[in-house]
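Asks: In my numbering, the protein residues as written are -14 to 383.
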Amino acid sequence: MPDPLGRACIFPLEGKGKYVTVVDVCIVRPETNDINSKYLLYVINSPQTRTEVDKYKSGSTRKRISRTNFARIEFPLPPLAEQQRIVDKIEELFSDLDHSVAALETARAQLDIYRQAVLKHAFEGKLTELWRQQHQPPPAADLLAHIQTERKQQFDSKSKYQDPTLPDTNELAELPTGWIWVSLDQLTSLITSGSRGWAKYYSDHGAIFIRAQDIKTDALNLDTVAHVDLPNRIEGSRTRVAKDDLLVTITGANVTKTALVKQQLDEAYVNQHVALIRPVCGELSPYLYFWIISPAQGRRQLEKHAYGMGKPGLNLTNLRELVIALPSLAEQRAIVDEIEARLSVVDKLAETIDTALQQAEALRQSILKQAFAGKLVPQNADDEPAEVLLERIRDNKM
-14 MPDPLGRACI FPLEGKGKYV TVVDVCIVRP ETNDINSKYL LYVINSPQTR TEVDKYKSGS
46 TRKRISRTNF ARIEFPLPPL AEQQRIVDKI EELFSDLDHS VAALETARAQ LDIYRQAVLK
106 HAFEGKLTEL WRQQHQPPPA ADLLAHIQTE RKQQFDSKSK YQDPTLPDTN ELAELPTGWI
166 WVSLDQLTSL ITSGSRGWAK YYSDHGAIFI RAQDIKTDAL NLDTVAHVDL PNRIEGSRTR
226 VAKDDLLVTI TGANVTKTAL VKQQLDEAYV NQHVALIRPV CGELSPYLYF WIISPAQGRR
286 QLEKHAYGMG KPGLNLTNLR ELVIALPSLA EQRAIVDEIE ARLSVVDKLA ETIDTALQQA
346 EALRQSILKQ AFAGKLVPQN ADDEPAEVLL ERIRDNKM
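(1) Expressed to the nearest angstrom, what Euclidean distance is found between the alpha-carbon atoms of K333 and Y146?
(2) Determine the contact status of A244 and L299, defining contact as a CB-CB distance below 9 Å.
(3) Quick one: what's R263 bridged to in DSSP?
(4) Quick test of the definition: if touching needs 3 or more C-beta pairs under 8 Å, does the region 287 to 297 touch the region 331 to 345?
(5) With a CB to CB cut of under 6 Å and the five nearest residues on each side skipped, what residues in its chain are close to P124?
(6) Compute the distance between the beta-carbons of L311 and I277, then report whether it is under 9 Å.
(7) On the criterion of 16 or more Cβ atoms from any shown chain inside 10 Å, does E252 qualify as buried, or is it exposed?
(8) Using a Cβ-Cβ distance under 9 Å, would K354 count as near chain B?
(9) Leaving aside the five residues before and after L304 along the sequence, list all residues of the same chain whose C-beta is less than 7 Å from its C-beta, in chain order.
(10) Less than 7 Å between C-beta atoms, sequence neighbours within five positions excluded: which residues of the same chain meet that for L314?
(11) Can you tell which of Y24, L(-2), N21, C(-6) has the C-alpha that lies nearest to the C-alpha of I12?
(12) Tell me the DSSP bridge mates of F194?
(13) Measuring alpha carbon to alpha carbon, tell me which residue in A204, K242, L231, Y254 is nearest H212.
(14) With 16 other CB atoms within 10 Å as the buried threshold, where does Y4 fall?
(15) Return the chain-ordered list of same chain residues with a C-beta closer than 8 Å to the C-beta of Q248, the five sequence neighbours on each side being excluded.
(16) Find out if the Cβ-Cβ distance for the pair H106, L115 is shorter than 9 Å.
(17) Any chance the region 27 to 35 sits against the region 314 to 332, with 3 or more Cβ pairs inside 8 Å?
(18) Out of P63, I193, E346, L374, point me to the one whose CA is closest to H388's CA.
(19) Anyone know if the C-beta pair for T241 and E288 falls short of 9 Å?
(20) Under a Cβ-count criterion, where at least 16 other Cβ atoms within 10 Å of its own Cβ denotes burial, should D153 be classed as buried or exposed?
(21) According to DSSP, what are the bridge partners of Y187?
(22) DSSP state of R14, grouped into three classes?
(23) Just the C-alpha distance for R57 and V362, rounded to the nearest angstrom, thanks.
(24) Per DSSP, T162 is paired with what?
(25) Just how far apart, CA to CA, sit Y41 and N30?
(26) For T234, which residues does DSSP report across the bridge?
(27) Would you call the CB atoms of P216 and Y186 closer than 9 Å?
(28) Measure from the alpha carbon of R225 to the alpha carbon of each residue in N21, T17, G(-9), S180, then state which is nearest.
(29) Rounded to a whole number of angstroms, what is the C-alpha to C-alpha distance between S51 and R(-8)?
(30) Please state whether the Cβ-Cβ distance between I20 and L62 is less than 9 Å.
(31) Taking 9 Å as the threshold (C-beta atoms), are A319 and H120 in contact?
(32) Give me whichever residues DSSP pairs with R284 in a beta bridge.
(33) Less than 9 Å between the beta carbons of K74 and A356, yes or no?
Take a look at the structure:
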């Protein structure tokens, strides 16, 4: 059975249709009307039963519990009338809880909408409109000219200099005064991807090996980092990661997910599913990062390529041709400050909501625990004794 073991539901379909289960699913069917199916559902999903399931599970890579062992698990069986009272109380409390969870999830969705709006307005120049009036920044064309000079100086002397890809500005929106449209290629000295065939170098020590799953949240997460033990002479130094690099997932389920390398890492490389983008100037990186992850700007462009046909994926040309609205460097800093100030508030609110959702799930489990410890509803002396109920069930099985 899949993890977590012991989850139960009531089969919802009726009629003459025939249905089968896969081997990982166990059918539990009461043979008597003296057991309330919903009571059985909730008791199986309770923390008490989950603890018993854990005692019987086995297997190294994939945990399982046999039907024989599952049938050995004992659970409390009150009189039928009390079973119904327990079910009614659980569903009353769960209904209140579900309404609270729905409100939290709605608030969470609104935060996501606000986050997208912040990014969209930032790159339309709306967040820094007053700033421009107060500071009169130089035109971005001056910045681009400086970048082009630096780009030539940084280009690998072993190969012929490649002029950057120019942006396709057809049907693009009008920009604030002083801004210009550029391609990502014009702003970078390197756009590449990881070397293939490095799986044979996997090790529990050595250089950090950054994979697509390490940037799936639009941030670099090395909590479960992989390592490669590389031979002394190996092609691939071009994919060594440096501070201010941008990393973009180019294949798989996490395609377009992006991370900014905010600090210098020990020796680290990217695999073939991750592109490494190195801006000519590290000061460009925060602005470019937010542009790429913005759903209305960079991400929308990349997703058009990634989900065009077949398996999701990007090539390096897609990245080089990414069109970017470029303001002056000073305004880029102001834009990044405005974005970070607003998104930090969003992140704190999201964290509060996530904590509340976790507490709601804990409360759900607490309700079940109380229910099957006999503490959720009062007992009724007029109920048929459970011993009589058990005796009747035994008689029906004979």
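No residue lacks a Cβ here, since even glycine has one placed at the ideal position from N, Cα and C.
Replies: So, from the listed chains and residues:
(1) Here residue 333 is taken as the residue at index 348 of the sequence shown, counted from 1. Here residue 146 is taken as the residue at index 161 of the sequence shown, counted from 1. Using only the alpha carbons, I get a separation of about 46 Å.
(2) By 1-based counting over the sequence shown, the position of residue 244 is 259. By 1-based counting over the sequence shown, the position of residue 299 is 314. Contact: no.
(3) One-based indexing of the sequence shown puts residue 263 at position 278. According to DSSP, R263 bridges with L175.
(4) no
(5) As a position in the sequence shown, residue 124 is number 139, starting the count at 1. Closer than 6 Å at the Cβ level, and outside the excluded window around P124, lie G163.
(6) Looking up residue 311 in the sequence shown gives position 326. Looking up residue 277 in the sequence shown gives position 292. I277 is positioned such that its CB atom lies no closer than 9 Å to that of L311.
(7) Within the sequence shown, the letter at position 267 stands for residue 252. E252 should be labelled exposed.
(8) Chain labels in this structure do not include chain B; a single protein chain is all it has.
(9) Here the question's residue 304 lines up with position 319 in the sequence shown. Excluding residues within five positions, the ones whose Cβ falls inside 7 Å are L169, I176, V233, A260, I262.
(10) If you number the sequence shown from 1, residue 314 lands on position 329. Here the set comprises L128, E268.
(11) Position 27 of the sequence shown, counted from the first residue, corresponds to residue 12. The residue among Y24, L(-2), N21, C(-6) with its C-alpha nearest the C-alpha of I12 is C(-6).
(12) As a first step, residue 194 is located in the sequence shown; it is residue number 209 there, counting from the start. F194 is bridged to A211, Y254.
(13) Here residue 212 refers to the residue found at position 227 when the sequence shown is read from its first residue. For H212, the nearest C-alpha among the options comes from Y254.
(14) Here the question's residue 4 lines up with position 19 in the sequence shown. Exposed, since its Cβ has fewer than 16 Cβ neighbours within 10 Å.
(15) For this step, residue 248 is matched to residue 263 along the sequence shown. Counting only Cβ-Cβ distances below 8 Å, and skipping sequence neighbours, we find K228.
(16) Start at 1 with the first residue of the sequence shown, and residue 106 comes out as number 121. Start at 1 with the first residue of the sequence shown, and residue 115 comes out as number 130. No. Outside cutoff.
(17) no
(18) Since the first residue of the chain shown is -14 and the last is 383, residue 388 is not available in this structure.
(19) Translated into the one-based positions of the sequence shown, residue 241 becomes position 256. Translated into the one-based positions of the sequence shown, residue 288 becomes position 303. Going by C-beta atoms, T241 is nearer than 9 Å to E288.
(20) Against the sequence shown, residue 153 aligns to sequence position 168. Per the 10 Å Cβ criterion, exposed.
(21) Counting from one through the sequence shown, the residue named residue 187 turns up at place 202. In DSSP, Y187 forms a bridge with V213.
(22) Position 29 of the sequence shown, counted from the first residue, corresponds to residue 14. Coil, per DSSP.
(23) In the sequence shown, counting from the first residue as 1, residue 57 sits at position 72. In the sequence shown, counting from the first residue as 1, residue 362 sits at position 377. Straight-line Cα distance between these residues: approximately 27 Å.
(24) By 1-based counting over the sequence shown, the position of residue 162 is 177. T162 pairs with nothing; no bridge assigned.
(25) Taking the first residue of the sequence shown as 1, we reach residue 41 at position 56. Taking the first residue of the sequence shown as 1, we reach residue 30 at position 45. For Y41 and N30, the distance between alpha carbons rounds to 16 Å.
(26) As a first step, residue 234 must be located in the sequence shown, where it is residue number 249. Paired residues: V259.
(27) Numbered from its first residue, the sequence shown carries residue 216 at position 231. Numbered from its first residue, the sequence shown carries residue 186 at position 201. Yes, the pair counts as a contact, with Cβ atoms nearer than the cut-off.
(28) On the sequence shown, residue 225 is found 240 positions in, with the first residue counted as 1. Relative to R225, the option among N21, T17, G(-9), S180 whose CA is nearest is S180.
(29) The residue given as residue 51 occupies position 66 in the sequence shown. The residue given as residue -8 occupies position 7 in the sequence shown. Approximately 14 Å between the Cα atoms of the pair.
(30) In the sequence shown, the residue the question calls residue 20 occupies position 35. In the sequence shown, the residue the question calls residue 62 occupies position 77. Going by C-beta atoms, I20 is nearer than 9 Å to L62.
(31) In the sequence shown, counting from the first residue as 1, residue 120 sits at position 135. In the sequence shown, counting from the first residue as 1, residue 319 sits at position 334. Against a cut-off of 9 Å, the Cβ pair of A319 and H120 comes out as a contact.
(32) On the sequence shown, residue 284 is found 299 positions in, with the first residue counted as 1. R284 pairs with nothing; no bridge assigned.
(33) Taking the sequence shown and counting its residues from 1, the one referred to as residue 74 is at position 89. Taking the sequence shown and counting its residues from 1, the one referred to as residue 356 is at position 371. Cβ distance < 9 Å, so K74 and A356 count as in contact.
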